[in-house]
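So the structure is just underneath, and the comments pick up after that.
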Amino acid sequence: MSMRRFTNRTRKDQDLAEEIESHLSHAQDANAARGLSPEEARRQAHVRFGNPRATRERVWRYRSIPWLEDLWRDLRFALRGLGKTPGFTIIAVLVIAVGIGVNTAVFSVINTVLLKPHTYPDPQALVELRNTSAQGSFPGANIPKFNLWRQQTNIFQHVAAYDFGGAGLNITGGDHPEQVQGMHVSADYFALFGAPVVAGRTFTAAEDSPHGGHVAVLSYGLWKSRYAANPNVVGSTIQLDGQPYLIVGVIGRGFVTDVPADLWVPFQFDLNSQDMAHYFTVAARLRPGVTLPQANAQLRLAADQYRRIYGKNSLPPDGGFGLASLQESMIGDTRFPLLVLLGAVGFVLLIACANVANLLLARASSRKREFATRAALGAGRGQIIRQLLTESLTLSLAGGLLGLILGFAGVRLLLGINPGNIPRIGEDGAAVTLDSHILLFTLGISLLTGILFGLLPAISASRPNLAAALNENASRSGLEFRNGKLRSGLVIGEMALTLVLVIGAALLIRTFLKLQAVDTGFAMHNVISMAMSMSGDRFQKTAPVAQVVRDGTDRVLAVPGVKDVGVSNCLPMAGGFSMTFDIVGRPKGNTPFTGGAGFYSISWRYFNALRIPLLRGREFTQQDDGAAPGVIIINQAFARHYWPKGDPLNDRIQIGPGAGPAFAEGPRQVVGIVGDTHDGGPNREPIPMMYIPLAQMPDLETALNSRVTPLWWIIRSDVDPHTLVASITAALHDASGGLPVAHIRTMDEIEARNTARQRFNMLLLTVFGSAGLLMAAIGIYGVMSYSVQQRTQELGVRMALGAQASNLRNMVIRQGMALTLIGVALGAGGAFWLTRFLASFLFGVKTVDPIAFVATPVLLCVVALLSIWIPAKRATRVDPMTALRSE
Amino acid sequence: MVVKRPPEAGDILQGTLDMLILRTLVMGPAHGHTIAQVIESTSENALEVEQGSLYPALHRLEDRGLVSSEWGVSENNRRAKFYQLTSKGRKELSAAAGRWQRMTRAIGLILGESFE
């Protein structure tokens, strides 16, 4: 239909009026021509035409959209009404804005993490290859697996390998060497993820084979910062670890990986390698039309083939290969916590709705005469409901707009305080942006809340008892009674929802305190760590690495303020390696080896640097080097698990049976037992650990380590270690022949990072709980003050009959607390059922923690009591004479 | 067969009036009064145009782009709004006339049979 119809109505109406006038004149002329007198001619023309106004109205109506006109009228009316009670309007809009704001904030994070599609083309077809076992599945691959997977060309289009995180590379050749995030990838990596190439090309298959030469592909960021986006950089060389690398291409800005990379170098795998070490991830793109079950079935066959080639113990007895959607794998365990948060903000919104509904009910009671008058003048119930709903929708949309602003400011604030590794949100949440999803979501919940809190008061107000309402004496009419019950019900609901939120917050606070109280087993305070990348040809053998460790230790110890320094290939609480082992002389049972344990290569001062206590035997010394007999130190958990009786110090351990040539070495004598450490973070139990001297690693293992992990220098000082960074890095620079260090963090900072997720959740739920508590307090205050005001006469009579002030006060308190207690009972019941969803967030606290379930109801009752106190006090100040006279 | 007297006196079925107006304008631009007169005289006064329907119909046709209008001076030297058929209106007229003829023929067939 043409929109022309609805435009310029007033002008068109005037046009029509003139037209009708013209018609009448012509009719008059025609009548006059038939010989009628001018008066008669005019009269007959008018009679014939009928009522011109009726015609004009008909055309006017045809050009209008009736409901729009009504809406416009209702809207103007609503705005006028709300403007007359600014106090009410401001409070209502603020309450709604808070409710909608927290929802917008949480939804905008969910939108980014869970809903936004990946930037990679056709992300549904991307899968991560995983190792499956009865315990679950985990990513990671070795070269034989990668080679086998590459051959499954009937299910995969591209198969590519890439580093877990990468060891870092050093750009050398300038005045200051710089450590950058270099990522090893196989040639198909860029095709797999559809990376846009802005200059040059990506690696050829020949470049990705052994002796393929030194080549690199730059990221957009590095290209821009180091080469000012000069396209001629392709074909020139970049110095990495003292070696010239040919730059073959540059990747475009749109390509974002989860671990940001500055540049890429090819893996150059020898595909015939028997190296069993898992040190990279493999992803693939499914061929069009291939489903996950089909691909998984094919991988089961591939696992059988793998066993045939590499021996039946090359995979665990129940193990195999499997696939997981890369998208799912990246989101990982973030989905569930985010949905729980969405549930929690849903509660906040419901509380806000109940609160505003309560305010509206109170407002409706004071306007009952207005509605009665309108009803008496002929307004239908539908019209009154429609008008009240327009009012509540006006409020909710205004609240929604403010909420959108609040939510967006809030989400920036929240993501600014480290939310703890939420994937896909970018640096400080930069990827969380306003888009149409969020706008639609906010609009949707605004409309929904407007209807939710507006409908009940509107229906209730549209049933006025006309006679009673128009009558002066209306305070005890049926409407009041009904409203009173409704409002009490709403307050009970608010109390119950608030209690659930506050109990949730209490559980998370208790969790956080428990985590803080955990003794990690090593020194956290005044300990700083830094990473030195050992990439490059210099460090393919153990001796030169050990030399750097020895020199560095000496030089750092000489820095004033430094107490001790240790070196390792992993950092506690930052993820580490694990390794299989045999205890020499023990039967292996059903498995190919005795067991698996965490595996650290360390310098001789490591335990001192971290104050990990030696429980038995001896520590490593500088003499435990490549020429000395192999030694190993285990932790208490290891000793307890594998030596329930007997003495570990009498035994020898063979590391890495069947792990491939890189780990080929003789058995090591157990020389010491050290204390347990919470290596996976305070919420993980200590696991069995093995430590060997860095200086005793097989050369091939050192070469592998140098590729995949940096050396971590851990320095304990007696002053704030930040103040020593400059002198320590200078000392390390000298000791290593100019290697830079990066990732400089204190153990306290690493600890804080580890518990960041828990702190983030705790903070959010505490904010939500406090918001709920505040609104519930306002709610019960409102209901009780209104009730006191309505019962002025009754209170006056009671006083006149001799009731004491304290009696009246207690009566009001009793009634208010009755509502509170019903709400608390319902809320405790609800929380009892709902807190099970928090189980995965908790540490050291049960979901039905007695402290949380006792303390928070008490807290809620105290807050309610304070809110009721004011109206209760007011009840005692009723002047009997005034009260009775107002009858 | 022609509908001699529509169900209610002077009431021309909606749509039919539109068609008649368009047909009238084939002869050239005309104002409302002329249109009504032409319809009535051409039908030998069998059809009576209700004036209250004529103007809403004209405005509807104009909004649909089937006619255009312009103020001018009439044969009586009075100001009048002249309506003119657009090319879209011409197409609509031939379509409507076709529909009408098919319908009257169908109705005629039925009535003819039942009279036999």
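Sequence order for the protein chains is A and B.
Numbering of the first sequence is given in the working numbering, commencing with residue 1 and proceeding in unit increments.
Numbering of the second sequence is given in the working numbering, commencing with residue 1001 and proceeding in unit increments.
We put the beta carbon where it would ideally sit given N, CA and C, even for glycine.
- Cβ atoms of Y606(A) and G566(A) come within 8 Å of each other, at about 3 Å.
- Distance from the CA of T553(A) to the CA of A531(A), rounded to the nearest whole angstrom, comes to 14 Å.
- Look at the region 51 to 66 of chain A: the residues with a C-beta under 7 Å from a C-beta of chain B are A54, T55, R58, V59 and Y62.
- For the pair L821(A) and V256(A), the Cα-to-Cα distance works out to about 53 Å.
- Per DSSP, the continuous beta strand (DSSP E) segment holding E178(A) begins and ends at E178 to V180.
- Listed along the chain, the chain B residues whose CB falls inside 7 Å of the CB of S25(A) are R1078.
- Beta-bridge partners assigned by DSSP to F371(A): none are found.
- Contact annotation: T449(A) and C570(A) have beta-carbon atoms that are not nearer than 8 Å.
- A distance below 8 Å separates the beta carbons of I780(A) and A864(A).
- Bridge partners of V1073(B) according to DSSP: R1079(B).
- Boundaries cannot be given for H678(A), as no beta strand (DSSP E) includes it and DSSP labels it neither H nor E.
- From the beta-carbon of D29(A), the residues of chain B found nearer than 8 Å are N1076 and R1078.
- In its chain, beyond the 5 residues on either side, P682, N683, T755, Q758 and F843 have a beta carbon closer than 7 Å to the beta carbon of L515(A).
- With respect to L406(A), G101(A) sits close: the two C-beta atoms are nearer than 8 Å.
- With a cutoff of 8 Å on beta-carbon distance, G675(A) and Q636(A) are scored as near each other.
- With a cutoff of 8 Å on beta-carbon distance, L301(A) and L323(A) are scored as not near each other.
- Per the C-alpha coordinates, the member of L75(A), G769(A), A191(A) and F577(A) positioned closest to L397(A) is L75(A).
- Cβ atoms of V198(A) and G136(A) stay farther apart than 8 Å, at about 40 Å.
- Its Cα nearest to that of R798(A), the residue L808(A) stands out among Q790(A), L808(A) and Q789(A).
- Non-local C-beta neighbours of H641(A) in its own chain, meaning closer than 7 Å and more than five positions away in sequence, comprise P688, ordered along the chain.
- Secondary structure at P52(A): helix, using DSSP grouped into helix, strand and coil.
- For E128(A), the enclosing beta strand (DSSP E) stretches over residues L126 to S133.
- Within the same chain, and ignoring the five residues on either side of Y279(A) in sequence, the residues whose Cβ sits closer than 6 Å to its Cβ are V708.
- C-alpha of N355(A) to C-alpha of I612(A): approximately 55 Å in a straight line.
- Think of a sphere of 7 Å around the beta carbon of R48(A): the chain B residues whose beta carbon falls inside it are Q1051, in chain order.
- A residue is called buried once 16 or more other Cβ atoms fall within 10 Å of its Cβ, and F6(A), having fewer, is exposed.
- In the three-state reduction of the DSSP assignment, I778(A) falls in the helix class.
- Under a criterion of Cβ atoms nearer than 7 Å, no residue of chain A is adjacent to Y1083(B); the nearest Cβ is some 10 Å distant.
- For M762(A), DSSP assigns no beta-bridge partner whatsoever.
- Judged by their CB atoms, V584(A) and P667(A) are nearer to each other than the 8 Å cut-off.
- Chain A places a beta carbon closer than 8 Å to that of G1032(B), counting this residue as a contact.
- The beta-bridge partner set that DSSP reports for Y691(A) consists of Y600(A) and I633(A).
- For W869(A), the three-state secondary structure derived from DSSP is helix.
- In the DSSP assignment, Y162(A) forms a beta bridge with V185(A) and T281(A).
- Here L834(A) has V500 as same chain residues with Cβ atoms under 7 Å from its own Cβ, once five neighbours each way along the sequence are excluded.
- Chain B has a Cβ within less than 8 Å of the Cβ of L16(A).
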